[in-house]
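Participant:
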Amino acid sequence: MLWSFVHALQDLLPLEVAVTFGLVFFALSWIRPRRIVSLPQTGQRTAPLVWAAVAGSVLVVTVATATSALAVSTPDASGFDGWWRRPAPLVAATLVVAIAALALRRMPLPAPGERALVPRRRWHTFAPRTLLWISGITVTLLALTALWQIAIATTAPKDGRFLGNVPSYTELPIYMTFNSGYGYLAGAGWPNHLATLVALALSVLVLVAVLQADANRPLFARASAASVRSERELTARLFTLILLGGLITTLGAVWMHTGSSGQALVMLDDPQILVAGGYDTIARPMNLLGYGLQGAGVALLLRLAVDSARAARAAGRSRRGESDPVASAAEPRR
1 MLWSFVHALQ DLLPLEVAVT FGLVFFALSW IRPRRIVSLP QTGQRTAPLV WAAVAGSVLV
61 VTVATATSAL AVSTPDASGF DGWWRRPAPL VAATLVVAIA ALALRRMPLP APGERALVPR
121 RRWHTFAPRT LLWISGITVT LLALTALWQI AIATTAPKDG RFLGNVPSYT ELPIYMTFNS
181 GYGYLAGAGW PNHLATLVAL ALSVLVLVAV LQADANRPLF ARASAASVRS ERELTARLFT
241 LILLGGLITT LGAVWMHTGS SGQALVMLDD PQILVAGGYD TIARPMNLLG YGLQGAGVAL
301 LLRLAVDSAR AARAAGRSRR GESDPVASAA EPRR
């Protein structure tokens, strides 16, 4: 009975689908119920940030789930069908941050005579250092993986020995040699990974540009330094978390693909003799880590959406309490 339920659940949500492990990690994250993000209590930027954090995070999760489900249900006919699916969550996260930043730019600016004189700030002035370090490590791992897979790729003769998943033959460099030329495996090369590098570079440029613009947005002379710093730190943290969720999800998808491609085993005449590929030693751990990373990215985005909704609700209660101090004093404390 239990195994039947497990198999039915796995048929409904295969392990390769991003939301499967994402829901598991999301549930485990409530061991620490404290919110991972807050929102400005007042001001015009609260509404765009809520929409970006809630609707934007759900959008990225939906894209990751749809593209990973498509990869499970559709065989790779060309050897590079997944070129757009793996970076799709990162592209979605980048678009969310860019659109939210454009919404913030529409807020009215102080007149030239009402602006405070402040020195020009660097793009990372208000960004959380820990999240920037984690993002930088994720960017580096993703870039190195894509460049490595492009570097080891080669073309193959039409009459070559093709192993593993054998797609339609192409003259594009999507193959890697198996065991010093014994055969060829598909799944590498720039047709598979160039889009990931482009999406990665675009995401970094967008984040830096958005944080730079917000850090140097003109201030009202009457605004307090503490309130300005607080709202810009909250904004930078939220944007960085959205993009980090897309980065981790895409890194997981790339490692799942790369690890799966490198796990081919060929049995020789003797059933006891198996020949492995060039990076078989790290292929299995990379594949398993890919499952975990993809799920962790989705869990982060789900938690960001829920915590942002909680923060918006708490801010609304706070504003209502300030507008009606008598009712607020009569309410029991929670």
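All residue numbers for the sequence shown refer to UniProt numbering, where the first residue is 1 and numbers rise by one. Don't be surprised by glycine CBs; every beta carbon is placed ideally from N, CA and C.
Output yes or no for whether 9 Å exceeds the beta carbon distance between G246 and T130.
Facilitator: no
Participant: Do A253 and A64 have their beta-carbon atoms positioned less than 9 Å apart in this structure?
Facilitator: yes
Participant: For A18, does the three-state DSSP call read helix, strand or coil?
Facilitator: helix
Participant: Under the three-state reduction of DSSP, which class applies to I273: helix, strand or coil?
Facilitator: Bear in mind that the predicted position of I273 carries a pLDDT of just 49, short of 50, making it unreliable; the figure below should be weighed with that in mind. Of the three classes helix, strand and coil, the one that applies to I273 here is coil, per DSSP.
Participant: Measure the C-alpha to C-alpha separation of G181 and Y279 and round it to an integer number of angstroms.
Facilitator: Between G181 and Y279, the C-alpha separation is close to 14 Å.
Participant: Could you tell me whether the segment 93–110 touches the segment 121–129, using the rule of 3 or more Cβ pairs below 8 Å?
Facilitator: Put simply, the segment 93–110 does not touch the segment 121–129. Fewer than three CB pairs are less than 8 Å apart.
Participant: Please list the segments of the alpha helix (DSSP H) lying wholly inside the segment 86–165, counting only runs of 4 or more residues, in order along the chain.
Facilitator: Whole alpha helix (DSSP H) segments, 4+ residues: 88–105 and 129–151.
Participant: State yes or no: is the C-beta of F126 within less than 9 Å of the C-beta of R232?
Facilitator: yes
Participant: Can you look up A186 in the DSSP assignment and give me helix, strand or coil?
Facilitator: strand
Participant: Any idea if R333 is buried or exposed, counting beta-carbon neighbours within 10 angstroms, 16 or more meaning buried?
Facilitator: Its pLDDT being 42, under 50, R333 is placed unreliably by the model, and nothing is read from it.
Participant: How about A188 and Y169: do their beta carbons lie closer than 9 Å?
Facilitator: no
Participant: Helix, strand or coil for F25 per DSSP?
Facilitator: helix
Participant: Which residues mark the beginning and the end of the beta strand (DSSP E) in which T177 is found?
Facilitator: Y175 to F178
Participant: Taking T46 as part of the alpha helix (DSSP H), name the residues at either end of that continuous run.
Facilitator: T46 to W51
Participant: What is the DSSP secondary structure of F239, reduced to helix, strand or coil?
Facilitator: F239 falls in the helix class under three-state DSSP.
Participant: Tell me which same chain residues have a C-beta within less than 6 Å of the C-beta of A88, skipping the five on either side of it?
Facilitator: V63 and T67
Participant: Less than 9 Å between the C-beta atoms of S57 and I282, yes or no?
Facilitator: No, they are not a contact pair.
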